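A.B. asks: Basically the numbering used here = 1-based index in the sequence shown + 701. Where is the CB? At the ideal position from N, CA and C, for every residue including glycine. Quick caveat: nothing in here was measured; it's all calculated off a predicted structure.
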Amino acid sequence: MTGNLFDAARIRPLAEPARAASALRDTVRVLPELAGPSGVEPGEGCWRLAWLRAAGTWRSALITIRRRPTPHAPWIAYARWGEDQQAGWVIVDDSLRLIDPAADTAPHHGERSR
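(1) Could you give the DSSP three-state label for A688: helix, strand or coil?
(2) Quick check: what's the CA-CA separation for L799 versus T758?
(3) By the DSSP assignment, the beta strand (DSSP E) with T758 in it spans what residues?
(4) Can you list, in chain order, the residues of its chain with a C-beta nearer than 6 Å to that of G783? Leave out the 5 residues immediately preceding and following it.
(5) One question on the structure: do E745 and I764 come within less than 7 Å of each other, judged by their Cβ atoms?
(6) According to DSSP, simplified to helix, strand and coil, what is A716?
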C-alpha cells in the first residue's frame, strides 16, 4: 500500500451547535441500573459522533449504544466524552446533538464549494 492514510489538509473542526434556550443546561446522566440490562440488543449498537453539553460547554462525544428502556421512557445513549474520557448513560435531548456527517456540506480545505 502506498501513500499516507492521514491527510492533515482534510482535517477540520466541526462547528459547535448553535445556542438554543433549551440547550443551555448540561446533559442529564442516567443511573446505570435504569439503563436496562447490559449487552447490546440488535439495533442498539452505533458508532456516532455527537456534541454533549457538560460543565457549561459543548464537548465532543462518541455514542456507542442508544436504547429506550421502556416504551414511555425517554431515549438514552451510552456516551464517552472529554479529555479525561468520562463515560455514562445520558438522556437524548437538546443537550446531546448527534452529528450527521451527510449534513456537513462545508468545503474541505483546498476544495471548492459545489
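C.D. replies: Well, looking at it:
(1) Because the chain spans 702 through 815 in this model, residue 688 falls outside it and cannot be assessed.
(2) Stepping through the sequence shown from its first residue, residue 799 is reached at position 98. Stepping through the sequence shown from its first residue, residue 758 is reached at position 57. The straight-line gap from Cα to Cα measures roughly 16 Å.
(3) As a working note, residue 758 is residue 57 in the sequence shown. According to the DSSP assignment, T758 belongs to the beta strand (DSSP E) that extends over T758 to R768.
(4) Translated into positions along the sequence shown, residue 783 becomes position 82. If we look at G783 and ignore the five residues flanking it on each side, its Cβ neighbours are R760.
(5) Here residue 745 refers to the residue found at position 44 of the sequence shown. Here residue 764 refers to the residue found at position 63 of the sequence shown. Pairing E745 with I764 gives a Cβ-Cβ distance that is not under 7 Å.
(6) Locating residue 716 in the sequence shown gives position 15, where the first residue counts as 1. Looking at A716 - three-state DSSP - the assignment turns out to be coil, as it is neither helix nor strand.
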